[in-house]
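Heads up: the structure comes next, in structure tokens.
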Amino acid sequence: MTKVKVGLRPIVTNINLPTVLKTTILPGDSDESLFFTTQVGEIFFIRNGVIKIFLDIREKILKLGVSAGGYDERGLIGLAFHPEFYYYSLFYLHYSVEGTQGPGALPGPFRPDPCDPGTLNLKWTNREINYDHIDTVEEWVLQSNGQPRKLRTLLNLRRPFLNHNGVNSLNFSPETRKLVLTTGDGGSGFDPFNLSQDDHEIAGKIIEIDVVRNTFIYNPPVVTRFDELPGSIQETLTVIAKGVRNMPGISYQRVNNYYIKYVGNVGQDLVKSIFSFVNYKPIPVTQLVQNSSEKSELDLQRFINFGWRAWEGVLPSSILRKCPANPDLNEKVAAYYDEVVKTSTQRLKPLISYFHEDPRPDKFAGTALTGVQTYMGNSIPGLMGSVVFTDLARRNGSEPRARGV
1 MTKVKVGLRP
11 IVTNINLPTV
21 LKTTILPGDS
31 DESLFFTTQV
41 GEIFFIRNGV
51 IKIFLDIREK
61 ILKLGVSAGG
71 YDERGLIGLA
81 FHPEFYYYSL
91 FYLHYSVEGT
101 QGPGALPGPF
111 RPDPCDPGTL
121 NLKWTNREIN
131 YDHIDTVEEW
141 VLQSNGQPRK
151 LRTLLNLRRP
161 FLNHNGVNSL
171 NFSPETRKLV
181 LTTGDGGSGF
191 DPFNLSQDDH
201 EIAGKIIEID
211 VVRNTFIYNP
221 PVVTRFDELP
231 GSIQETLTVI
241 AKGVRNMPGI
251 SYQRVNNYYI
261 KYVGNVGQDL
271 VKSIFSFVNY
281 KPIPVTQLVQ
291 NSSEKSELDL
301 QRFINFGWRA
311 WEGVLPSSIL
321 RKCPANPDLN
331 EKVAAYYDEV
341 VKTSTQRLKP
351 LISYFHEDPR
361 PDKFAGTALT
371 GVQTYMGNSI
381 PGLMGSVVFT
391 DLARRNGSEP
401 RARGV
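Heads up: the sequence shown is residues 1 to 405, going by full-length UniProt numbering.
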């Protein structure tokens, strides 16, 4: 492996919890502007070195940090500009809606026990009561007077827990020209209800949305499953993949006349993984729902399957049983062995994985994968065409500085 030394230069400082970075050319401009969002609901852009506010929806965002000791994964977590934004001025938001706070789908933390079947086959019941919050995906337009205005709501999603909602969750595919939504598995830990592997659940999927189709529904119903959606909305959706735990979006690399897709799956306790794929066979949601109602067979192996919750990248999802005398000997017990066997030949293998704890020299301990992108610039020749990813790389004061891979 060739080592490439790079330097980091701050572009913006003192930003409150940034979640998304995007670029686009504003109508009337000739150069791209850099846009970034904050978790609390602000969208800024930089023009001629000056930071300006583009949109402030803080009053629409669920109050953050009121539970889990202040930790939160909700908020403004998705922004995408239409590929023809310069002409149509359309953009899309994904955020957690103010006033929708619920008690959560379970009364406390979840941990599977291979000796207790009751923990391996949980069902999400009473969903209209037992949920954490509601996320929404909306279409907005930048008006000629420079003021953004909401046009319509594409989806309203009921989420079971506060975490794993996705981040950088909206991106447009240069291949299909559709809006791509990456939804997390719904949260807690270990995907208690196995939503990511259930073909009829919206959670834990990569979904394409045909925004060209006008659904004529301004505020659709709040749902968790595809079959709860009105038919006119079902017709706009196709499913690309399942087995998602939590993803920092999807990126595309054009090679000749095809695109390589890259995604990162944030693991549970052991592994972070980056996947790549070229070909896929999306399944229309109308077909999913029809086959479910008719109880007929559908070739669901057409789905790309990242393997979660059974697999955590290259390893089976495991429960850690600590060895107090020597943490290096902590026991790893497969959490869902039967599911590991079932999905072993169906899942897509990672392009690369890295680990929370790695005994190899010059490897850092991962914490949370926060971004995956191919570098196609020419300022750093040694990186050209390479996949670049970022990680929080948390460390305690006694640990050495984290090093990149």
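Yeah, the Cβ is synthetic: ideal placement off N, Cα and C, and Gly gets one too.
When you compare the CB positions of residue i and residue j, do they come within less than 9 Å of one another, or not?
i, j, result
"LEU76", "ILE43", "yes"
"THR390", "THR374", "no"
"PHE306", "GLY243", "yes"
"LEU94", "VAL137", "Residue identity check: residue 94 is His in the sequence provided, not Leu. Their beta carbons are under 9 Å apart, which means HIS94 touches VAL137 by this criterion."
"VAL266", "ARG245", "yes"
"ILE25", "TYR71", "no"
"PRO361", "ALA334", "no"
"ASN165", "THR183", "yes"
"GLY204", "TRP308", "yes"
"PHE226", "VAL289", "yes"
"ASN214", "ALA80", "no"
"PHE36", "VAL12", "yes"
Rounded C-beta distance between residue i and residue j? I'm assuming under 8 Å.
i, j, result
"TYR337", "PRO114", "7 Å"
"THR19", "VAL167", "6 Å"
"VAL97", "LEU62", "6 Å"
"VAL180", "GLY264", "That belief does not hold up - the Cβ atoms of VAL180 and GLY264 are roughly 14 Å apart, past 8 Å."
"ILE250", "ILE206", "7 Å"
"TRP311", "THR343", "6 Å"
"ASP132", "ARG159", "6 Å"
"SER67", "HIS200", "About 29 Å separates the two Cβ atoms, so there is no contact after all."
"PRO83", "ARG177", "6 Å"
"TYR258", "VAL387", "Not confirmed; about 16 Å, so no contact."
Roughly how many angstroms separate the alpha carbons of residue i and residue j, rounded to a whole number?
i, j, result
"GLY404", "PHE364", "With a pLDDT of only 46 at GLY404, under 50, the local geometry of the prediction cannot be trusted, and no value is derived from it."
"LEU237", "ALA368", "29 Å"
"SER173", "LYS322", "44 Å"
"LYS104", "GLY7", "Inspection of the sequence shows that residue 104 is occupied by Gly rather than by Lys. Rounded to the nearest angstrom, the two C-alpha atoms are 43 Å apart."
"ARG347", "ILE304", "7 Å"
"PRO359", "ILE319", "19 Å"
"ASP185", "LYS349", "19 Å"
"THR100", "ASN156", "11 Å"
"residue 409", "SER169", "Because residue 409 is not part of the residues shown, which for the chain are 1 to 405, the question remains open."
"LYS60", "ILE134", "12 Å"
"ARG302", "ASP198", "14 Å"
"ASN121", "GLU339", "11 Å"
"GLN268", "PHE161", "15 Å"
"ARG127", "ILE233", "21 Å"
"PRO248", "ASN145", "33 Å"
"GLY108", "GLY65", "17 Å"
"THR125", "SER196", "16 Å"
I want to see whether chain B comes within less than 9 Å of residue i, judged by CB atoms only; does it?
i, result
"PHE306", "You won't find chain B in this structure, because it holds only one protein chain."
Give every residue of the same chain whose Cβ lies closer than 8 Å to the Cβ of residue i, excluding the five residues on either side of it in the sequence, and list them in chain order.
i, result
"LEU55", "GLU42, ILE43, TRP140 and PRO148"
"GLY28", "none"
"LYS123", "PHE193"
"GLY231", "THR286"
"GLU32", "THR23, THR24 and ILE25"
Sorted by chain position, which residues of the same chain lie with C-beta nearer than 7 Å to residue i's C-beta, five sequence neighbours on each side aside?
i, result
"ASN378", "MET384"
"LEU351", "ILE274, PHE275 and SER276"
"PRO381", "none"
Under 6 Å Cβ to Cβ from residue i, same chain only, skipping five residues before and after it: list those, please.
i, result
"GLY366", "LYS272, TYR354, HIS356 and ASP391"
"GLN253", "ILE260 and THR374"
Self-check item: Three CB pairs or more closer than 8 Å across the stretch 80 to 95 and the stretch 131 to 150
Solution: At 8 Å Cβ cutoff, the stretches touch.
Practice problem: Decide yes or no for the touch test of the stretch 211 to 219 against the stretch 182 to 199: beta carbon pairs closer than 8 Å, at least 3 of them. | Solution: The stretch 211 to 219 vs the stretch 182 to 199: no contact.
Practice problem: Kindly confirm or deny that the stretch 279 to 288 and the stretch 318 to 333 touch, where touching means at least three C-beta pairs closer than 8 Å. | Solution: The stretch 279 to 288 is not in contact with the stretch 318 to 333.
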